[in-house]
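Numbering-wise, the sequence shown is residues 185 to 436 according to the working numbering. For each residue, glycine too, the CB sits at the ideal point set by N, CA and C. To start, the structure under review is shown below, and the notes come after it.
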Amino acid sequence: MQESSLERYRHFLKDSVRKTIDFSRTDQSLGVPPPPVEKPYSADAERIDLLPPDSFQRLPRVDLLSAVANRQSRRQFGESPLTLEELSFLLWATQGIREQSAGGHALRTVPSAGNRHALETYLCVLNVQGLDRGFYRYLPLEHQLVVEYRDDRAAERIARAAFQQNWMADAATVFLWSAIPYRTEWRYGLAAHKVILLDAGHVCQNLYLACEAIDAGTCAVAAYDQELMDQLLNLDGHDEFVMYLAAVGKLN
């Protein structure tokens, strides 16, 4: 890679762009209404209730010190399925709503720059009790899943879209996080994009720690075919696109 290209991409990691932005001209400052907290879904969409957070008391207890010490990327999974309760817990731990407030904000279980939360959570479900194989989206406000489409070939398709990382086909589910950049651009303009990436890191680390609590493993994945992965979720690749994945499975 040419030195000029390296320098340009290194610059993206810095916060120098903030000094060049007139924040009085962002859509938020201009009085444009905030984008919705959650991507809309059709009125006739099939939705599946998840178990509420107060039910998680039945899950095993793991102290934080052990969870942090044992956290590691795992690419080998057992044949046991995830239960719907366990999946509900992982979704709540990574994008759950603690409190919704006025002004297009929602306090979640993870931090986000300006409380903008530009991510949507999709699932490629492969081995979860009570759920058919296929693709789903998490609705954090309702704490439900909306069915995108069922697909008996979901394992094959997700591996292919991840450059044939075939171990992912053995997971119980694959988390796919998409970005809707305008949620953060609305407030920060050109300073939005670095912090969206930081937000994705917060979410995935919560997934790692939550997996430790339920005898599951996960492995974050950042190498994938962008166009194929977006097509898999029927995303336009412009206003919304996949930016991060993590495969999850039971260890026993």
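Across the structure, residue 397 and residue 329 are spaced so that their CA atoms are roughly 22 Å apart. Inclusion of residue 268 and residue 234 in the CB contact set at 8 Å is warranted, their separation being smaller than that value. Uninterrupted beta strand (DSSP E) stretches at least 3 residues long and entirely within the segment 287 to 330 occur at 289 to 292, 303 to 309 and 318 to 323, given in chain order. From the listed residues 346, 395 and 248, the smallest Cα separation to residue 406 is found for 346. A direct Cα-to-Cα measurement between residue 227 and residue 327 gives close to 16 Å.
About 7 Å separates the beta carbons of residue 368 and residue 298, which is inside the 8 Å limit, making them a contact pair. The alpha carbon of residue 291 has as its nearest neighbour, out of 306, 324 and 356, the alpha carbon of 324. The C-beta separation of residue 332 from residue 417 comes to about 7 Å, placing the pair in contact by the 8 Å criterion.
Between residue 431 and residue 293, the alpha-carbon positions lie close to 20 Å from each other.
As DSSP reads the structure, residue 419 sits in no beta bridge. According to the DSSP assignment, residue 376 belongs to the alpha helix (DSSP H) that extends over 376 to 397.
Where residue 284 is concerned, there is no enclosing alpha helix (DSSP H), although the beta strand (DSSP E) around it starts and stops at 281 to 285. Within the DSSP bridge table, the entry for residue 405 names 429 as partners. By the neighbour-count criterion, in which 16 or more other beta carbons inside 10 Å mark a residue as buried, residue 301 falls on the buried side. By the Cβ rule, the segment 196 to 211 does not count as touching the segment 339 to 353, because fewer than three pairs are nearer than 8 Å. For residue 370 against residue 218, the beta-carbon gap comes to about 6 Å, under 8 Å, which counts as contact. Residue 209 and residue 375 have their C-alpha atoms roughly 13 Å apart. Within the DSSP secondary-structure output, residue 358 pairs in a beta bridge with 308 and 431. Only buried fits residue 306, as 16 or more other CB atoms lie within 10 angstroms of its CB. Between residue 196 and residue 434, the C-beta spacing is not below 8 Å.
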